[in-house]
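Under our numbering, think of the first position of the sequence shown as 1245, with each following residue one higher.
Following: one structure in structure tokens, then a few remarks.
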Amino acid sequence: MIDTPTQPQTVAAPRPDVPVDGATSSTPSAPSARTRARRRRTVLAGARLAIVVVLLATWQACVNAKIVDPFFWGEPEGVWADLRDWFTVGTSQGSLGAQILVTLEEAVLGFIIGSILGVVCGIALGRVRLLSELFAPFLKAANSIPRIILGSIFTVAFGFGIQSKVILAVVLVFFGVFFNAFQGAREVDRNLIANARLLGASRWQVTRGVVLPSAFTWILASLHISFGFALIGALVGEILGANQGLGLLIRSSQNNFDMNGVLAGMVLVAVIALAAEALITLLERRLLRWRPPQTHGGAAVE
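What follows is the structure, given as structure tokens:
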């Protein structure tokens, strides 16, 4: 009797994701990058809130202990009382919402017009050397003029209406955006420009397709501080002379020796500035999705 050879049996190696001998896997999965980033933002927000609470509590404690004079420096309870009255009753110039909308309109118009002019002029002077050499002395002289003087001139020339505040905001925004756009146009890789010209691109096509995208990071960086400048221009113009606005509200509180009212107006301005900064940051993230995440100390920063 001849024994028939048996086929060798192969034993499958256990899969790493399948439990062996009916055991269940209890190893927790590592938190994702999105979860870690969300947790980090939550911790930072809590720490910032704690700092604000400690500062306000210390301030109020110093006032109660007669260390700080509330007549000159105000107090948190008085600032909160003024804010509550403005929201519920209104201000001496009308409803608080109307004052905020007037200041926002002036700041937003100045921000948009000044940013557009700054980008156009900055790219143009950065690309055309003759224009840069021709207008450089005039721009430097205009930038050296104190803005408070320009605000007084605009108030006299254009009156107490919205025009003088918008023009002052435009001037403040223009120079910040202009110098960043100018430097961004100068920092473009010359090899990219040379390659585009070798492919037959015209001067306008090079500017639109190479220079402007390369300078876009510089331009967006300037927008973070430019809205603050626009807000300052609107407020300074209102303080110098206006019929409505947060600047007028702050000036009226100052004339009445109401330091709590001045500080309450500053709180409103700070909230508006922080909201605008958040919107600009969101816009920057959407427009610069192609950019790799920046690192700080070896860790990615979102």
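Cβ coordinates follow ideal geometry from the N, Cα and C atoms, glycine included.
Taking the C-alpha atoms as reference points, what is the distance between T1302 and A1289? 20 angstroms
G1395 by DSSP, collapsed to three states: which one?
-> helix
| Do S1470 and V1421 have their C-beta atoms within less than 8 angstroms of each other? | yes
Going by DSSP in three states, G1338 sits in which element: helix, strand or coil?
strand
*asked:* Whether or not the stretch 1438 to 1456 and the stretch 1495 to 1506 are in contact is what I'm after, with contact meaning three or more pairs of Cβ atoms, one per stretch, closer than 8 angstroms; do they touch?
replied: Not touching, per the Cβ criterion.
query: Is it right to say L1443 is buried, meaning 16 or more other beta carbons lie within 10 angstroms of its own, or is it exposed?
result: That one is exposed.
Requested in this report: Measure the CB-CB distance between P1320 and L1300 and report whether it falls below 8 angstroms.
Outcome: yes
task: Report, in whole angstroms, the separation of the C-beta atoms of V1363 and A1425, which I expect to be a contact under 8 angstroms.
output: 5 angstroms
Query raised in the report: When DSSP labels each residue in this structure, what does E1431 get in the three-state scheme?
Result: coil
Practice problem: Below 6 angstroms CB to CB, which residues in the same chain sit around V1414 once its five sequence neighbours on both sides are set aside? | Solution: Cβ within range, chain order: G1354, I1357 and G1358.
Measuring straight from C-alpha to C-alpha, what distance separates V1333 and F1402?
32 angstroms
Next on the checklist: Can you look up Q1343 in the DSSP assignment and give me helix, strand or coil?
Outcome noted: helix
| task | Count the other CB atoms, across all protein chains shown, that sit within 10 Å of the CB of R1529; report buried if there are 16 or more and exposed otherwise. | result | exposed
Problem set entry | As assigned by DSSP and simplified to three states, the class of D1329 | It is helical.
Are at least three pairs of beta-carbons, each pair with one atom in the stretch 1322 to 1342 and one in the stretch 1501 to 1510, less than 8 angstroms apart?
-> yes
Within the same chain, show all residues whose beta-carbon is closer than 6 angstroms to that of H1540, passing over the 5 residues directly before and after it, in chain order.
Confidence is the limiting factor: at H1540 the pLDDT is only 49, short of 50, which leaves the residue's position unreliable, though a coordinate-based value still follows. Closer than 6 angstroms at Cβ, skipping near neighbours: no residue.
Review point. Is it right to say T1268 is buried, meaning 16 or more other beta carbons lie within 10 angstroms of its own, or is it exposed?
Key: Caution applies to T1268, whose pLDDT of 47 falls short of 50 and renders its modelled position unreliable; the model cannot decide the point.
* For the alpha helix (DSSP H) that contains A1617, what are its first and last residues? -> The question about residue 1617 has no answer here: the residues shown for the chain are numbered 1245 through 1546.
Point to revise | the stretch 1370 to 1382 / the stretch 1391 to 1405 touching (three or more Cβ pairs under 8 angstroms) | key: no
Exercise for review: Could you give the DSSP three-state label for S1458: helix, strand or coil?
Suggested key: S1458 falls in the helix class under three-state DSSP.
(Q) Just verifying my parser: in three-state terms, what is the DSSP assignment at L1443? (A) coil
* To do: Run the CB neighbour count on E1431, radius 10 Å, all protein chains shown included, and call it buried at 16 or more, exposed below.
  => exposed
Of the listed residues L1456, V1297 and R1282, nearest to L1436 (C-alpha basis): L1456
field: Local conformation of I1311 per DSSP, three classes
entry: If DSSP states are grouped into helix, strand and coil, I1311 belongs with coil.
### Message
Could you compute how far the alpha carbon of V1307 sits from the alpha carbon of A1429?
### Response
53 angstroms
Q. For F1501, does the three-state DSSP call read helix, strand or coil?
A. coil
Item checked: For E1350, three-class secondary structure by DSSP -> helix
Using the rule of at least 16 other Cβ atoms within 10 Å of the residue's Cβ for burial, across every protein chain shown, is L1493 buried or exposed?
buried
query: Do you know how far the Cα of I1295 is from the Cα of R1441?
result: 55 angstroms
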